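Sequential numbering of the sequence shown, starting at 0, is according to numbering that gives the first Met the number 0.
Positions of the beta carbon are idealized from the N, C-alpha and C atoms, including for glycine.
In this text, all values refer to a predicted model and were calculated from it rather than measured experimentally.
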Amino acid sequence: MVNYKIQIVTGSMKDAGTNANVYLTAEGTNGSMTWANLDNPKKDDFEQGNVDTFTVSSARDLGDINKITIGHDNSGKHAGWFVSSVQIKNVSTGKTWTFFTNRWLARDEADHKLSATFTLNNGTPAANYKIIIFTGEAKDSGTNANVYLKAYGSNGSFSLNNINDPNDDNDFEAGNVNTVVYSASKDIGDISQITIGHDNSGKHPGWYLDGVKIQNLRTGKVWNFPVYRWLAKDEDDKKIERTVYAGKDMPHYDYLGMYPKKDREPGWSNELNGICHDASNWYMTQDGNIWKFPVSFDLNTTIKNEDKTRKVYKYHYGHHLGDCDCFNNYLFVPVTDDGAPYVVVFSTNDIHKVIARNVMLLPDGRSFSDMAWVAINPKNGLLFTSDGYITKNKPIYVYSIDFEMIRLGKNNFLKLHAQVNLKDEEFDDYVERSCMQGGCFDDSNNLHLCNGYYKNEHSNKKGGITVFEIPNLPYKPNDEVLVKIKARSNQSHDFRFQFNSYGQEPEGLTYWDLDDGKAPGIRGQLHAIMIENNAVSDAFNGGGDDLYFKHYRKI
């Protein structure tokens with residue numbers, strides 16, 4: 000018995016995927032083999048832009064495979080299929096054969112055939128590239144023009160003269176994430192730069208491009224090309240083509256869904272405000288309480304009290320507790336409605352005992368009027384927060400932390416380090432964030448802010464999640480550093496953070512890579528809380544907020 004690994008790439012154009020049953024025949028120098036129904040029961044195979052892999056077997060070694068026939072039975076609601084390429088690998092020998100198909104198998108396309116035969120593509124080792132293009136959220140940032148791209152690597156280049164999907168008139172709309180899978184005739188090696196542009200055609204050709212991500216699907220290597228500029232005759236430097244060098248990752252996300260299950264009241268979520276984590280535990284602030292859950296604890300479980308047998312700890316501190324953060328084995332929690340707002344510190348080893356606290360003062364010596372969040376950059380230990388709303392005249396305040404003072408149990412352990420203010424994508428206007436609710440950092444200096452309240456602020460761009468890249472901040476406590484938006488949530492595209500104005504309220508958020516499966520029911524990297532203040536259960540069960548814990552995967 001000989002095992003083969005088959006990789007099939009479905010096209011990225013509109014309606015390219017199929018629900019039909021797919022079969023493949025491989026012909027080699029030692030015989031042929033047909034696999035009648037390629038199917039992975041745990042996922043939707045052959046969806047638009049998919050790269051599907053199957054492990055199959057043959058009674059004998061087929062030798063050098065030089066021809067394939069691939070097709071489907073035309074069953075299902077959406078049977079037509081565009082197949083980009085097929086790769087077959089002999090698992091024992093490691094030898095690989097690649098067939099560039101790039102055609103429709105559909106009754107209503109091209110030659111109307113449901114199957115086709117292809118011979119082996121000769122030449123240097125081939126590669127499939129996934130190209131992801133991020134259009135920005137700036138006003139009128141989408142384009143109707145024809146977009147092209149050329150990628151330059153250490154072993155050559157490839158060009159896509161027109162990336163636009165002929166079956167979709169809404170390519171590259173504001174906030175869109177467009178994915179193209181391109182089958183190149185050879186692996187072009189390490190990609191150092193791209194040139195991307197458009198032909199300035201159409202009614203609204205100007206385009207604000209966040210950036211491009213390219214992944215070699217054979218090796219898994221990824222290159223990021225951040226742009227964050229206009230390609231427009233009437234914007235910026237009037238250029239419609241840019242050459243971009245490989246750079247930092249871009250903080251864009253795909254919404255995965257909610258867990259715990261929708262509308263759950265697991266006992267610990269009523270008036271939930273904040274969330275953070277260390278290497279092994281969740282920490283949450285809720286109605287004056289601090290909770291600590293091991294990451295292995297299923298958050299869909301109903302629990303109302305501390306349970307040491309399950310390593311679930313609860314401490315009632317009282318007062319209003321905001322969105323918290325962890326660093327260096329300490330838990331930092333913002334506190335209001337107890338006089339002047341302050342940050343209180345606990346040991347992550349024992350959340351039942353207060354270690355120190357710091358009353359928050361503005362640069363002129365006055366107390367903060369409000370404080371809903373703290374976020375600590377794991378790269379340098381600087382603490383970020385704001386005095387309620389963020390406006391042009393009320394920036395984010397950045398503090399250094401004196402951990403020796405904390406260790407000694409002394410208060411006033413924060414020292415103003417810098418001030419940060421927010422600008423829009425075009426670096427034109429200040430960004431106001433009313434009703435600040437939460438903040439967190441990822442592992443690449445990107446600050447994620449969450450704001451909004453149960454009123455109409457979310458209907459424009461003033462509510463939800465926004466992401467800002469924070470540069471290196473030298474000690475300049477009286478100077479203002481300006482940063483611009485790198486990504487923002489929206490109501491309809493991949494990075495969705497939807498909430499209505501009838502009781503739903505955003506709260507805290509945290510960044511934690513949980514794709515390894517250690518958190519039951521939860522995957523992704525960005526995790527954000529929203530609660531339903533006007534839940535039906537309030538009237539019938541004597542109170543309790545429905546919990547919407549939303550999870551996102553970095554694209």
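On the three-state DSSP scale, how would you describe residue i?
i	result
K307	helix
M12	coil
F548	strand
I162	coil
F402	helix
H457	Residue placement at H457 is flagged as unreliable, the pLDDT there being 46, under the threshold of 50; the coordinate-derived value follows with that caveat. Helix at H457.
N420	strand
R495	strand
I395	strand
A558	The first residue shown for the chain is 0 and the last is 554, placing residue 558 beyond what the model contains.
A245	coil
N18	coil
S84	strand
H447	strand
F440	strand
A538	Note that A538 has pLDDT 36, beneath the 50 cutoff, so the model's placement of it is unreliable and the number below is only indicative. If DSSP states are grouped into helix, strand and coil, A538 belongs with the helices.
D515	coil
T54	strand
P225	strand
G122	Its pLDDT being 47, under 50, G122 is placed unreliably by the model, and nothing is read from it.
Q47	coil
Taking 6 Å as the limit between beta carbons, can you name the residues of its chain near residue i, skipping five residues before and five after?
i	result
Y207	G135, A137, S140 and W229
Y547	M257 and M529
F383	A374, I395 and V397
R487	E136 and T465
A15	T9, Q47 and F81
V221	Q214
T116	T68
S458	Residue confidence for S458 is low, a pLDDT of 44 falling below 50, so the modelled location carries little weight; the figure read from the coordinates is stated next. Nothing listed; no residue qualifies.
Would you tell me roughly how many angstroms separate the C-alpha atoms of residue i and residue j, rounded to the nearest one?
i	j	result
A105	S84	16 Å
R241	I7	32 Å
T335	I131	43 Å
G219	M404	46 Å
P250	A278	22 Å
P469	Y388	Position check: residue 469 holds Ile in this sequence, whereas Pro was assumed. Their backbone Cα atoms lie some 19 Å apart in a straight line.
V480	V419	5 Å
I464	R59	55 Å
F98	G438	48 Å
V596	I521	Residue 596 lies beyond the residue range present for the chain, which begins at 0 and ends at 554; the question has no answer from this structure.
M283	E172	37 Å
F292	P505	21 Å
N477	F367	17 Å
H319	N272	9 Å
Y128	N328	42 Å
D189	N450	40 Å
M370	H203	42 Å
V50	Y312	43 Å
Starting from residue i, follow the beta strand (DSSP E) in both directions and report where the run begins and ends.
i	result
M529	L525 to E531
L23	V21 to G27
N280	N280 to Q285
H111	First-last for H111: undefined, no H or E at that position.
D349	D349 to V358
L382	L382 to T390
Using C-beta distances below 8 Å, list every residue in its chain close to residue i, excluding the 5 sequence neighbours before and after it, in chain order.
i	result
N161	N145, V146 and Y147
G122	Its pLDDT being 47, under 50, G122 is placed unreliably by the model, and the measurement read from it follows with that caveat. Contacts found: S184 and K185.
N65	E26, G27, T28, W96, T118 and L119
D401	F412, L413 and K414
Y510	C439, F440, D441, D442, H447, Q524, L525 and H526
For the alpha helix (DSSP H) holding residue i, just list the boundary residues, first then last.
i	result
R102	No alpha helix (DSSP H) holds R102; the beta strand (DSSP E) holding it covers T95 to L104.
Do you know whose CA, among the options, lies nearest residue i's CA?
i	options	result
W290	T308, W267, F296 and R309	W267
C323	N299, K549 and W281	W281
R217	N223, A15, I187 and K238	I187
N215	N177, A126, Y244 and G408	A126
S156	F98, S191, D14 and N169	S191
T607	T24, S182, E504 and Y452	Residue 607 lies beyond the residue range present for the chain, which begins at 0 and ends at 554; the question has no answer from this structure.
H416	Y474, M32 and L113	Y474
E431	H526, F467, K391 and K247	K391
N410	V344, Y429 and S399	V344
G317	V332, V311, E425 and I239	V332
M32	Y22, S57, K517 and C275	S57
G201	N223, N177 and K232	K232
N36	V482, V21 and D43	V21
Residues in its own chain within less than 7 Å of residue i by CB, not counting five upstream and five downstream?
i	result
K4	T52, T54, K88 and V90
D107	G79
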